[in-house]
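In short: position in the sequence shown from 1, add 5, done, that's the working numbering. Note that the Cβ used here is the ideal one computed from N, Cα and C, for glycine as well. Here's the structure, in structure tokens; my notes come after.
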Amino acid sequence: MFHLRYFLYLLLLTTTTLVAQESINIHSHNDYNQNLPFWKAYHCRLNSIEVDVFFKNNVLYVTHDEADIEEAKTLETMYLKPLSKVVLTHMDNEQNIQLLIDLKSEAYTTLSAIVKTLKNYPELTNNPQLSFVISGFRPTIKDYNNYPEYILFDYQRLETIPAESINKVSLISLSFSKFSSWDGLKPIPKKDLKKIESIVKKAHALNKPFRFWGAPDTPLAWKTFHDLGIDFINTDHPLECSQYFKKLTHTSNDINIAFISDIHFQDLYGSFSDTNYKGIFNDKTKKFTLLRTMDAQLHSTRIFNENYFALFAALNDVVEKDIKYVALPGDYTDDGQALHLRGLKEILQTYSNTYGIQFFITTGNHDPVGPLAQESGKSDFLGTHGQAQGIYSHSNINIAKNKDFPNIISKDLRKLGYKGIFNHLEPFGFFPQENYLYWATPFSNYTPESYTYQKGLANAPLEKRMYDILPKYTIPDASYVVEPLPNLWLLAIDGNVYLPKDTINSKPSNPKNYNSASIGYNNVIEHKTHLINWVKTISNQAKKLGKTLIAFSHYPMIDFNDDASYALKNFFEGNKWQLERVPNEKVAQLFSEAGIKVHVAGHMHINDTGFRTFENGKSLVNIQTPSIAAYIPAYKILKIKPNNTIEVNTIPIKKVPNFNSLFPLYEKEYEYLKTHKKPLWNHDILKTNSYYNFTIFHLKELVRMRFLKDDWIPEFKDFMLNITGEELLLLPYLSSNIDFKTLIEQKGFYTNEWEMAKAKAESDLKEVGLSLTDFKHWNGFDMIFDFYRVRNADVLAIEDIGQHQVEIYKWLFKNYNTKIDRAKIDMNKKKLLEFYNIFSMFLNGAPANNFIIDKTNTLKNID
């Protein structure tokens, strides 16, 4: 993986710095007693955290009493290591933090042990935003200066601080009960108020921040103490206290989540663990490279190779925008092989360690391909001479043999099932992490209120996340919900349903005995009903606890064809165009009833938004995230605002460094194909000057070489490929009874009729500011290609097509609908009418680029 690491670090951007201190300081009293010590206080942006420490047997235990010592609870594991992670990875929004260490054992030996331990954490002791304040048993004040400058002290008197020690005092703390018995439930008595005001004034006269301990812990008390100028508000309820002040001061920040879908990552620079084969050497980069042929990717709906570089471009853009949360809605690899999973894990871990980005993954139909691992491989890797090279996981696979170029065998090409995916990617949402505030699965047995990291870990193993799809067929469900920061719940739904092919002659242990999961939610609502029930439970909990719930999965929940699916089925005369993947209307209704309002999906490699409102008043928005491995390469950002609105922005990936670094290898492939007289692809793709243009070319070739061949009715396809834009314009103006095809092929015999049609058309065009010239520079194939561009990218394609050309199309569609004589319609006229109507629907869908989802789940375009 040397090349991968080297390349990755070249791409990484400069690190970020800590943000300014919050204006209201909150102290998490006895923080170690929280169900999630440190992390709850940190995510709530508290500025002071208290931990009791007892030194015994050379270990600094976190405890109030020696009798309550637990081996796993130490100062390092519970506080120093998490703090180190925050500082080193720039996780979340870092704030000034005061760690108040309350010594419960003898002062000098305990403090010496603390100093010795902190020497192992220079990233903490040298950080100006961190301070270590010693409370409880302390050395005598004259000895304060004997300790490093990063060790400060809690002063618990109102007497003048000795001049020689004043710089070592960080805080003044006093017991509230010594001055008042106020319980914080009703306004503080005037007599007590004056007394407290006097105490605060004396403390501030010493020029140090002030805190009460043992004080009332209610919203009224918090506000009263803040109004009195008390510097640190003491609380045992960090989440509630921080939320109270955010509402009071209107300081809540937007939460940004990036969704990068359908990466289809293949590790170009990965290494096999069991063979010395390295791929083909690239003289341009001086690296061995494991890539697929250009011919293979021009016949696929996804790019196999250049998307490697697009992933870095997308992640670097996320870093530049300072986004800390990234969700991957499935198909992050191209079949879940160990070779690619290792590479992806290294990349995600590096961005996580360097920038504190937290990744949350859900399953796609390409990862895992099935519930169990299975032998696999590809016949179309690029070989050392430019030929197609087979690489397979086992020699017994039924594959074609080539004596000149024997197949490479490596177990790293096995399609790993759930177990393999979990083994490689469990840190990215599949398993709980210490910093999560909540994490659960459909099978876990705790509530948000009783959750602890240890409980989450106990419920995370795959064997505890199984369900019966049929009797004796028990398979995994990788769904989970996670709270990465206060009040945001990300619901990662595993929409994979692997139905057995043969329940009579085959066994559940046979990995080949399972159908693909690509159909998605149509199978979920029939065979995974436990998931819908769990989603309802999670939605109800989120509503009760005031959490913002964002669901994401690989599969769409709403028609992704701008409600043109029925028309498409008629047009293509069958279930082509991946129409079997269109979700049944019942899907959106069931999940809306279960409480889902916003769902982000991938799978289709398109930019789209689906919207449904039901009779019960509930609604569902389905946001389709484009693939970075297809046109248009882009990702989505959901900006969750404090007023409960969500802003959705689509970010195209246009600049991708090194996207063309593989072109010399494709030149070898092209020469090999030409020499051996094999079918050639369009060499001009190697002249593209950006990854963005590369994806446009890829789609164009895909339309030409695959879609037109596989999907279109041959007669109408030939008609469209042989017609000009001008001819399409004039068709509805022709009055002849001669059939459509004859008029086109023999228009020279009908010169009079064509000239009359031109005159009529010209008159109509003039009224809308168009002319015949606008129809002379394009043809039927151009329109078909634009049709696919709009279908893939929605409004984002308009920039590439041109707004003027789009207006030409819109007028043409409307005019044809108005003027066509339906009484004399033949097959081609009928198909053209269907085609125009579908194209119009694509151009008039719901907002899909930049838009707002308001509190009522209504969409508002902000382009």
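Just the C-alpha distance for residue i and residue j, rounded to the nearest angstrom, thanks.
i    : j    : result
I813 : I265 : 34 Å
F142 : H69  : 12 Å
V205 : L550 : 36 Å
I563 : Y485 : 22 Å
I193 : I645 : 38 Å
L726 : I543 : 52 Å
K424 : Y249 : 43 Å
E454 : Y126 : 33 Å
T114 : M83  : 21 Å
Q392 : S400 : 20 Å
K383 : H390 : 17 Å
F5   : N151 : Only positions 6 to 868 of the chain appear in this structure, which leaves residue 5 out of reach.
L17  : S33  : Here the model assigns L17 a pLDDT of 39, short of 50, so the residue's position is not dependable, and the following value carries that caveat. Approximately 35 Å, taken between the alpha carbons.
I262 : N412 : 43 Å
K191 : T223 : 10 Å
A319 : E164 : 58 Å
M846 : Y793 : 13 Å
F158 : T452 : 39 Å
T630 : I718 : 30 Å
Is residue i helix, strand or coil when you go by DSSP?
i    : result
P334 : strand
T306 : coil
D272 : coil
D482 : coil
E55  : strand
T693 : coil
P373 : coil
W869 : Residue 869 lies beyond the residue range present for the chain, which begins at 6 and ends at 868; the question has no answer from this structure.
N833 : helix
A851 : coil
Y472 : strand
W816 : helix
H34  : coil
L15  : With a pLDDT of 36 at L15, under the threshold of 50, the modelled position of that residue is not reliable, and the figure given next carries that caveat. Helix at L15.
K420 : strand
L775 : coil
Q379 : strand
E439 : coil
D787 : helix
For residue i, which residues from the same chain have a beta carbon less than 6 Å from its beta carbon, with the 5 sequence-adjacent residues on both sides left out?
i    : result
F277 : S415, D417
L775 : none
N2   : Because the chain here runs from 6 to 868, residue 2 falls outside it and cannot be looked at.
S182 : G219
K659 : Y697
Between residue i and the rest of its own chain, which residues show a CB-CB distance below 8 Å, the 5 nearest in sequence each way excluded?
i    : result
L296 : Q271, L273, G284, I285, F309, N310, F386, L387, L667, L670
T19  : Here the model assigns T19 a pLDDT of 30, short of 50, so the residue's position is not dependable and the matter cannot be decided.
N518 : P505, K506, D507, S511, K512
T79  : V64, L65, Y66, V67
P167 : I146, K147
I'd like the list of long-range same chain contacts for residue i, defined as Cβ closer than 7 Å, with 5 residues on each side in sequence excluded.
i    : result
Q26  : No answer about Q26 holds up, because its pLDDT of 34 lies below 50 and its placement is not dependable.
N501 : T368, N370, A522
I858 : V603, V626, T650, I651, V653, L864
F43  : D36, I54, M83, Y84, P87
D236 : N30, P214, F215, R216
Y441 : V487, E488, P489
L244 : K45, C49, P491
D473 : T479
In this structure, what does DSSP give as the bridge partners for residue i?
i    : result
E652 : K644, I857
Q392 : DSSP, once it has assigned bridges, lists no residue as partnering Q392.
K61  : V64
R50  : According to DSSP, R50 bridges with nothing at all.
R297 : F386
Q363 : Y330
P657 : A639
Please decide whether residue i counts as near chain B, where near means a Cβ-Cβ distance under 8 Å.
i    : result
F142 : Looking for chain B here will not work: only one protein chain is present.
Practice task
Would you list, in sequence order, the uninterrupted beta strand (DSSP E) runs of no fewer than 3 residues that lie entirely inside the segment 120-191?
Solution key: 135-141, 156-160, 174-180
Handout entry: Complete beta strand (DSSP E) runs within the segment 192-264 (minimum length 3 residues, chain order)
Key = 215-218, 237-240, 260-264
Exercise for the section: Identify every run of the alpha helix (DSSP H) within the segment 572-641, keeping only runs that are complete inside it and at least 4 residues long; order them along the chain. Expected result: 590-598
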